[in-house]
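*Asks:*
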Amino acid sequence: MNIIVAGAGEVGVHLAKMLSREKHNIVVVDQKEDVLENLNSNYDLMTVLGSPTSLSALKDAGCNASTDLFIAITPEESRNLTACILAAKLGVKKTVARVENPEYLHPEQKAFFEQLGIDSLICPEILAAKEIADSLVRPWVRQWYEFNNGTLILIGVKVRAGANIIGKELMNLFTHDESCRIAAIKRGKDTIIPGGRDIIQTDDMVYFITTREHVDTVRKMADKPHTEVHKVMIMGGSRIAMLTAERIAEQFDVKILEVNKERSEKVKERLGSKAMVILGDGRDIDLLHDEGIEQVEAYIALTGNSETNILSCLAAKRFQVQRTVAEVENNDYIPLAEGLDIGIVINKKLIAAGHIYQMMLDADVSNMKCLTFADAEVAEFVVKEGAKITKSKVMDLRLPENIGIGGLTRDDKGIIVYGNTQILPGDRVVLFCPSTYLRKVEKFFK
Amino acid sequence: MPKSLFNIRIILRFLGHLLILEAMLMLICGGIDFLFKDHTQLVFLQAAGLTFCAGLFLALNGMHAKRDIGKHESFVIVTLVWVLFSLFGALPFYLSGHFNSFTDAFFESMSGFSTTGSSVLVDVEILSKGILFWRSLIQWLGGMGIILLSLAIMPMLKIGNYQLLTAEVPGPVYDKIHPRVTVAARRLWFLYSGLTILLVVLLRLGGMSLFDSICHSLTTMATGGFSTKNASIAHWDSAYIEGVTVLFMFLAGTSFVLLYRVFSGKFYKIKQNEEFKAYFYIVLVSGLVLSTALFFFADLSPVKALRTGFFQVVSIITTTGFTTADFSVWVPGIRFLLIVTMFFGAMSGSTSGNIKIGRIVLYTKISYNELKRDVHPNAVLPVFFNGRAMPATLIYGLFGFLFFYILLMILSVGIFFAMGLNMEDSLGVFLTSFGNIGPGLGNHFSNFFDLPGIAKWYSGFLMLVGRLEIYTVFLLFSRTFWRN
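Here the protein sequences come in this chain order: G and P. So the first sequence is numbered by my numbering: it starts at 27 and just counts up by one. So the second sequence is numbered by my numbering: it starts at 283 and just counts up by one.
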């Protein structure tokens, strides 16, 4: 695919790097010479120096009918919209703009923006708020991916000491059960695609693949209590905080701590009765105590300071808060925060880039898509007529080691794949393998 | 195992695969010998066998390598590829028995890959067809670059790496023609091959035999300069052949990125390109000056003077090194004119060697700016090149290059002098080796067979340093490179 990324801010750069690793032709347009220079010499992509709203720069970047996707992702909303309109008029097939104003995202406006030539809009803050809200519904889930239009779901769970599945060989765990299976295990820095003899250890991150109706089976297997969140405490009155509060106010009891007086008043003005706003520092233990941190099931730190967010989540964990969420905008801190056992780490850039990436995968008509997670690939294949993989049952196929077929979708129904499953042409198969194996796997589907 | 600074396996894998490729190319030359029923078929079979085994050994050691190539690996790979290719490329020469020693064979091979075109052979016409073709083929490979070739045709390496490319492609800045390095490499090689084939047809029409026209096309497009005849292009004494050769040497001295843009319909790019304009005018003016001088001081007819003048100027500026006249017999004043042209080189991103017009233009502009700055100390004076202000880091890099060049020149002239060459020869050998030109000056105008053995190795080293433009090779000798 030919893709133009307008804007080499943090999201743009992250996205361009991610896409250039796949077989896409990426052109990045921006005015920051030093950033472009760095991208140009270290990644397999092309850069064009110039404003994303300049016609000559857009033409230089190859804005014409041969470009499949134009992504405007500068920090300024109005520039993104202008750039997308220009690009669309120059003939680009699809355009995506990053915006801030939530009213643009209303479904009613979709036709209006399409008329202008803007096919999709994304707002990182709203995506972040959505991710936080979703995580509160199932506090035991660490990661949640959906495949094949939600017919198959990948759930990442951290397994604690004492859970039932620890210490048993996987082949004994899933004897008569066809509702889920373990697709991958992340242990420290390693990602394991497990076979029947592998054993789960304490503190492993286990990835289950399942269908929507069996999500609760996964929870039981991982030995996670079924706790419902009632009370939520948010630290910091940022835009994400307000958007999150608006989204979850109906289900949960929300308290927001904000240290700045003016800001706190603004937050209260906007949210009204949806949330209680407290003026004070979220790092103040006495204040937390007074505001009932012991009764809170979820603590969300969303200040502009990543260090503060991480530290206050650690403090909240000492009060036995079940679910902690920290916004970490500094990419270097993300593995650190995960190591400190903070439940969910929110990073606007990664969320926005991931969302666009997912959008592209969904739009891709080729028979293979893949998603890199940890050090492994999750690939989605459409099985062709006469492919090697349809010749016999999965257990007799002699697939290379390290490759795990997770599940497949047949007639819009998710099916978990076992040794005696027969794969048929037209199935959409989701499988896991180490990054370098993808080419070997491809052969089985052609 | 201690944690290594390098991903050694990937280096081995890369080198191994490339050597296997070289072995296959040797077999082609063996095939040509077979066709012409020449006597060196076995030589190529032996050389290919040895090269293949070495390649296989390296490739097997590099199995399951991690696919990340960083800056360090890139520089090591590029330099080693060129050294190994020249070493193994010397095998057919050595085994053929036409060369007195391995030193001679290596000199010829390095002179080939670096597209220098200096030779230690007194008589090339007694060589077998296979060996002649091998000489031409290695120049052709070296012209566009071995790494660029590997990126274009060896997807099994699956490494589209910009670092590797910039370490090999000549010139201070590399302009991308496509977002993916592999696709860009493929297009450049396609263009290069296309022009070569066109030249074969044109030379054939001029009455050259098919074999000679193929060999000359390969070495002309590479700006290499090996010929299949002792008298080089003068052998045919044809205005048509000289004209076609001049045109294609000029094209080969043009940036291939620019050529690609022009061939894909963007003619305006030529007008915007300062380096091309400078290249064009330098060739034109030097050609006219030399022709006039030849007319007045060498007693040539006006037509003959123009023919010889332009041919020699284009041949030397593009660092090809074909000759149509013996300039060692010209008066010193004219020889001096040729020395001047030996400092230029053609455009960045072409197959030519030497300093390159791009750098010369930038040096001139920067230095002129400094004059202005003396008068207007507070003036804002960015250096514009092709309509864009050049960043300071690029300018530092340029002056680093200049310093190394001068240092290398002084050292090399000293070294050659100490080995018993006279002053003019010492300078000539340095200029022609570093600039990948071919013919030297004075006694070593066309032949290097009587150069002392150690001087041949050193000259080979200069060719490599010149082809990879100093930094890539010099880095390997620096302490910062080997420290973590």
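For glycine and all other residues, C-beta sits at the position ideal for the given N, C-alpha and C.
1. Helix or strand or just coil, what does DSSP make of Glu279 of chain G?
2. Taking the runs of the beta strand (DSSP E) that are 3 residues or longer, which of them lie wholly in the stretch 195 to 255 of chain G?
3. Can you tell me the Cβ-Cβ gap for Ala336 of chain P and Leu301 of chain P, rounded? I've got them flagged as a contact below 8 Å.
4. Under 6 Å Cβ to Cβ from Arg309 of chain G, same chain only, skipping five residues before and after it: list those, please.
5. Which two residues bound the contiguous alpha helix (DSSP H) that contains Gly313 of chain P?
6. What residues in its chain sit with their C-beta under 7 Å from that of Ile225 of chain G, if we drop five residues either side in the sequence?
7. What residues are listed by DSSP as bridge partners for Tyr171 of chain G?
8. With DSSP collapsed to three states, give me the class of Pro734 of chain P.
9. Say whether chain G places a C-beta atom closer than 7 Å to the C-beta of Tyr461 of chain P.
10. Strictly below 9 Å CB to CB, what residues from chain P border Leu95 of chain G?
11. Assign Ile97 of chain G to buried or exposed, taking buried as 16 or more other Cβ atoms, counted over all protein chains shown, within 10 Å of its Cβ.
12. In angstroms with no decimal places, state the Cα-to-Cα distance between Glu272 of chain G and His40 of chain G.
13. Rounded to the nearest angstrom, how far is the Cβ of Val402 of chain P from that of Phe730 of chain P, given a contact under 8 Å?
14. Measuring CA to CA, which of P:Ile420, P:Arg462 and P:Gly720 is closest to Ser597 of chain P?
15. Please name the residue in G:Ala341, G:Lys49, G:Leu450 and G:Ser80 whose C-alpha comes closest to that of Leu9 of chain G.
16. Decide if the stretch 306 to 324 of chain P is in contact with the stretch 397 to 412 of chain P; the criterion is three or more beta carbon pairs, one per stretch, under 8 Å apart.
17. Is the Cβ-Cβ distance between Ile382 of chain G and Ala363 of chain G less than 7 Å?
18. Determine whether the Cβ of Lys551 of chain P lies closer than 7 Å to any Cβ atom of chain G.
19. Less than 7 Å between CB atoms is the rule here; does Ile30 of chain G satisfy it with respect to chain P?
20. List, in chain order, every chain G residue whose beta-carbon is nearer than 7 Å to that of Lys458 of chain P.
21. For Leu540 of chain P, which residues does DSSP report across the bridge?
22. Mind checking which residues open and close the beta strand (DSSP E) that includes Pro8 of chain G?
23. Let me know the beta strand (DSSP E) ranges lying completely inside the stretch 67 to 93 of chain G, each 3 residues or longer, listed in chain order.
24. Excluding five sequence neighbours on each side, which residues of the same chain lie with their C-beta closer than 8 Å to the C-beta of Asp249 of chain G?
25. Determine whether the beta carbon atoms of Gly425 of chain P and Ala372 of chain P lie at a separation below 7 Å.
26. Assuming Thr774 of chain P and Ser514 of chain P form a contact by the criterion Cβ under 8 Å, report the distance between their Cβ atoms to the nearest whole angstrom.
27. Comparing C-alpha positions only, which one of G:Leu423, G:Asn357 and G:Ile319 sits nearest to Arg344 of chain G?
28. Which residues in the same chain as Tyr474 of chain P place their Cβ atom closer than 7 Å to its Cβ, once the five residues preceding and following it in sequence are excluded?
29. As an exercise, report each continuous alpha helix (DSSP H) stretch of at least 4 residues that is fully enclosed by the stretch 650 to 737 of chain P, in chain order.
30. Can you pull the chain G residues whose beta carbon is under 9 Å from the beta carbon of Pro673 of chain P, in chain order?
31. Using the C-alpha atoms, what's the distance from Leu541 of chain P back to Leu377 of chain P?
32. Could you name the residues of the same chain whose beta carbon sits closer than 6 Å to that of Ile359 of chain P, not counting the 5 residues immediately before and after it, in chain order?
33. Can you find a CB in chain P that lies within less than 7 Å of the CB of Ile26 of chain G?
34. Can you name the residues that DSSP bridges to Tyr325 of chain G?
35. Asn51 of chain G versus chain P: which residues are under 9 Å apart at the beta carbon?
36. According to DSSP, is Leu337 of chain G helix, strand or coil?
*Replies:* Checking against the coordinates, here is how it stands:
1. If you number the first sequence from 1, residue 279 of chain G lands on position 253. The displayed chain sequence assigns Asp, not Glu, to residue 279 of chain G. In this structure, Asp279 of chain G counts as strand in the three-state DSSP scheme.
2. 206 to 213, 216 to 218 and 231 to 236
3. Counting from one through the second sequence, the residue named residue 336 of chain P turns up at place 54. Counting from one through the second sequence, the residue named residue 301 of chain P turns up at place 19. About 6 Å separates the two Cβ atoms, so the contact holds.
4. To locate residue 309 of chain G, count along the first sequence from 1; it is residue 283. So the list reads Ser338, once near-sequence residues are dropped.
5. Against the second sequence, residue 313 of chain P aligns to sequence position 31. Per DSSP, Gly313 of chain P belongs to the alpha helix (DSSP H) from Ile290 to Leu317.
6. Your numbering for residue 225 of chain G matches position 199 in the first sequence. For Ile225 of chain G, where only same-chain residues beyond five positions count, the Cβ hits under 7 Å are Gly193, Lys194 and Glu195.
7. If you number the first sequence from 1, residue 171 of chain G lands on position 145. Bridge partners of Tyr171 of chain G: G:Leu180.
8. As a working mapping, residue 734 of chain P is identified with position 452 in the second sequence. If DSSP states are grouped into helix, strand and coil, Pro734 of chain P belongs with coil.
9. Indexing the second sequence from 1 puts residue 461 of chain P at position 179. Per the sequence shown, residue 461 of chain P should be read as Pro rather than Tyr. It does: the Cβ of Pro461 of chain P has a partner Cβ on chain G nearer than 7 Å.
10. For the purposes of this step, residue 95 of chain G is taken as the residue at position 69 of the first sequence. The contacting residues do not exist; Leu95 of chain G stays about 13 Å from chain P at best.
11. Taking the first residue of the first sequence as position 1, residue 97 of chain G is located at position 71. Buried: at least 16 other Cβ atoms inside 10 Å.
12. By 1-based counting over the first sequence, the position of residue 272 of chain G is 246. By 1-based counting over the first sequence, the position of residue 40 of chain G is 14. Distance between the alpha carbons of Glu272 of chain G and His40 of chain G is about 29 Å.
13. The sequence position of residue 402 of chain P within the second sequence is 120, counting from 1. The sequence position of residue 730 of chain P within the second sequence is 448, counting from 1. Sure, about 5 Å apart at Cβ, within 8 Å.
14. The residue given as residue 597 of chain P occupies position 315 in the second sequence. Among P:Ile420, P:Arg462 and P:Gly720, the Cα nearest to that of Ser597 of chain P is on P:Gly720.
15. Because chain G here runs from 27 to 472, residue 9 of chain G falls outside it and cannot be looked at.
16. yes
17. In the first sequence, the residue the question calls residue 382 of chain G occupies position 356. In the first sequence, the residue the question calls residue 363 of chain G occupies position 337. Against a cut-off of 7 Å, the Cβ pair of Ala363 of chain G and Ile382 of chain G comes out as no contact.
18. In the second sequence, counting from the first residue as 1, residue 551 of chain P sits at position 269. Chain G contact via Cβ: absent.
19. Locating residue 30 of chain G in the first sequence gives position 4, where the first residue counts as 1. No, because no Cβ of chain P sits closer than 7 Å to the Cβ of Ile30 of chain G.
20. Counted from its first residue, the second sequence places residue 458 of chain P at position 176. Chain G residues near Lys458 of chain P: Met72.
21. By one-based count along the second sequence, residue 540 of chain P stands at place 258. In the DSSP output, where bridge partners are listed per residue, Leu540 of chain P has none listed.
22. Residue 8 of chain G is absent from the structure shown; chain G starts at 27 and stops at 472.
23. 72 to 75
24. The residue you call residue 249 of chain G lines up with position 223 of the first sequence. Answer for Asp249 of chain G: Val185, Arg186, Gly188, Ala189, Asn190 and Ile191, listed in chain order.
25. Position 143 of the second sequence, counting from 1, holds the residue named residue 425 of chain P. Position 90 of the second sequence, counting from 1, holds the residue named residue 372 of chain P. Taking 7 Å as the Cβ cut-off, Gly425 of chain P and Ala372 of chain P do not qualify as a contacting pair.
26. There is no way to answer for residue 774 of chain P, as the model of chain P reaches only from 283 to 766.
27. For the purposes of this step, residue 344 of chain G is taken as residue 318 along the first sequence, with counting starting at 1. If we check each option's Cα against that of Arg344 of chain G, G:Ile319 comes out closest.
28. As a working note, residue 474 of chain P is residue 192 in the second sequence. Closer than 7 Å at the Cβ level, and outside the excluded window around Tyr474 of chain P, lie Met426, Met503 and Phe538.
29. 674 to 700 and 705 to 716
30. In the second sequence, residue 673 of chain P corresponds to position 391, counting from 1. In chain order: Glu59, Asp60 and Glu63.
31. If you number the second sequence from 1, residue 377 of chain P lands on position 95. If you number the second sequence from 1, residue 541 of chain P lands on position 259. Rounded to the nearest angstrom, the two C-alpha atoms are 40 Å apart.
32. Mapped onto the second sequence, residue 359 of chain P falls at position 77. Hits under 6 Å: Ile293 and Phe296.
33. Past the boundaries of the shown model lies residue 26 of chain G; chain G is included only from 27 to 472, so the question cannot be answered.
34. Sequence index remark: in the first sequence, residue 325 of chain G carries index 299 (1-based). Beta-bridge pairing links Tyr325 of chain G to G:Met259 and G:Thr350.
35. In the first sequence, residue 51 of chain G corresponds to position 25, counting from 1. Simply His460, Pro461, Arg462 and Val465.
36. Working through the first sequence from its first residue, we reach residue 337 of chain G at position 311. Looking at Leu337 of chain G - three-state DSSP - the assignment turns out to be helix.
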